[in-house]
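Under the working numbering, the first residue of the sequence shown is numbered 47, with each subsequent residue one higher.
The beta carbon of each residue, even a glycine, is placed where N, CA and C say it ideally should be.
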Amino acid sequence: MNVTIIGAGNMGRGIATRALAGGHPVRIIDHHTEKASALAADLGVSATDAAAAIPSADLVVIAVKYPATLDVARAHASELAGKVVIDIANPADFTTFDPATDPGTSAAEELAAAIPRARVVKAFNTTFAAPLETGQVDGRPLDVLIAGDDAGAKQATTEFVESAGMHPIDVGPLRRARALESFQIVHMSLQQGMRNPWDSAIAILTESQVTA
Ligand SMILES: NC(=O)c1ccc[n+]([C@@H]2O[C@H](COP(=O)([O-])OP(=O)(O)OC[C@H]3O[C@@H](n4cnc5c(N)ncnc54)[C@H](OP(=O)(O)O)[C@@H]3O)[C@@H](O)[C@H]2O)c1
């Protein structure tokens, strides 16, 4: 699966690391080309630009902050048509930890509306960047909660997550992104009180896992 990541920041690094662990070719784009080149060199992949990287992608991850996600999508709308596009954004007001989206929608749904010919999936918004480098917290593979309306796009995302050593969980249609985003905003709001902030994960445990 050719994976193109737009945004060479914390999550760009984390998801690229997992993709490479799963054996997937990775291309990284950023509007700071030197930042994309530095991350690509660090990970041992080729630096590139959007014109080269998006058309060949099987899966495009938009790893920039909301609402820049919408600008990125609109700027590349024609290349993204028909592509599986993963929205990972957590649209929060970081002073109050309230959602930055209007009630009754989500960053993922806004993204899907901005690029109606793309196949938008919500995933990875509940996994912090640092644990993505190993794909685990406390020895357990990360749960990756996946929401979307396109069954094929969700299947591709599920296969990608599994191949990268994590545990995919289908949580339903794209509108479930509203809950996923709110859920993670609560998770983020708890970090200040943690001994190892930004190193926690949301997990869905069964009884056998708890007692294992
Ligand atoms: N960090 C986490 O643990 C975490 C966890 C789950 C989800 N997320 C979500 O993941 C997304 C990325 O977070 P992050 O922490 O990786 O952010 P980040 O470290 O700031 O990285 C984002 C990168 O994308 C670049 N960028 C901004 N606009 C762009 C554009 N139009 N075209 C190309 N590149 C652009 C940024 O450049 P500038 O510096 O110029 O803006 C920056 O280099 C956010 O939506 C966040 O809510 C983050």
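Taking the Cβ atom as the reference point for each residue, do residue i and residue j lie within a distance shorter than 9 Å?
i           : j           : result
residue 47  : residue 105 : yes
residue 95  : residue 79  : yes
residue 175 : residue 73  : no
residue 61  : residue 110 : no
residue 65  : residue 210 : yes
residue 145 : residue 83  : no
residue 155 : residue 223 : yes
Just the C-alpha distance for residue i and residue j, rounded to the nearest angstrom, thanks.
i           : j           : result
residue 153 : residue 216 : 18 Å
residue 101 : residue 183 : 34 Å
residue 142 : residue 234 : 11 Å
residue 206 : residue 148 : 31 Å
residue 87  : residue 81  : 10 Å
residue 188 : residue 208 : 10 Å
residue 214 : residue 172 : 12 Å
residue 230 : residue 193 : 14 Å
residue 108 : residue 253 : 35 Å
residue 198 : residue 140 : 34 Å
residue 244 : residue 151 : 26 Å
Just list the residues that DSSP pairs residue i with in beta bridges.
i           : result
residue 106 : 50, 131
residue 182 : 187
residue 100 : Answer is none; residue 100 lacks a bridge partner.
residue 167 : 132, 194
residue 93  : 74
residue 215 : 191
residue 144 : 139
Nearest to residue i by CA position, among the options, is which residue?
i           : options            : result
residue 113 : 222, 123, 135      : 135
residue 200 : 167, 232, 52, 228  : 167
residue 181 : 247, 223, 253      : 247
residue 219 : 196, 108, 241      : 196
residue 130 : 162, 63, 249       : 162
residue 164 : 128, 185, 155      : 128
residue 169 : 156, 158, 159, 190 : 190
residue 90  : 69, 103, 109       : 69
residue 122 : 156, 139, 151, 160 : 160
residue 158 : 133, 245, 145, 137 : 133
residue 75  : 150, 139, 49       : 49
residue 125 : 186, 99, 144, 202  : 99
residue 251 : 97, 186, 71        : 186
residue 85  : 97, 63, 103, 203   : 63
residue 225 : 120, 137, 97, 118  : 137
residue 103 : 240, 203, 67, 117  : 203
May I ask which residues mark the beginning and end of the beta strand (DSSP E) holding residue i?
i           : result
residue 75  : 72 to 75
residue 231 : No beta strand (DSSP E) holds residue 231; the alpha helix (DSSP H) holding it covers 223 to 235.
residue 120 : Premise fails: residue 120 lies in the alpha helix (DSSP H), 114 to 121, not in any beta strand (DSSP E).
On the DSSP letters alone, give me the boundaries of the alpha helix (DSSP H) that residue i sits inside.
i           : result
residue 61  : 56 to 67
residue 283 : Nothing in the structure corresponds to residue 283, since the chain is present only between 47 and 258.
residue 157 : 153 to 160
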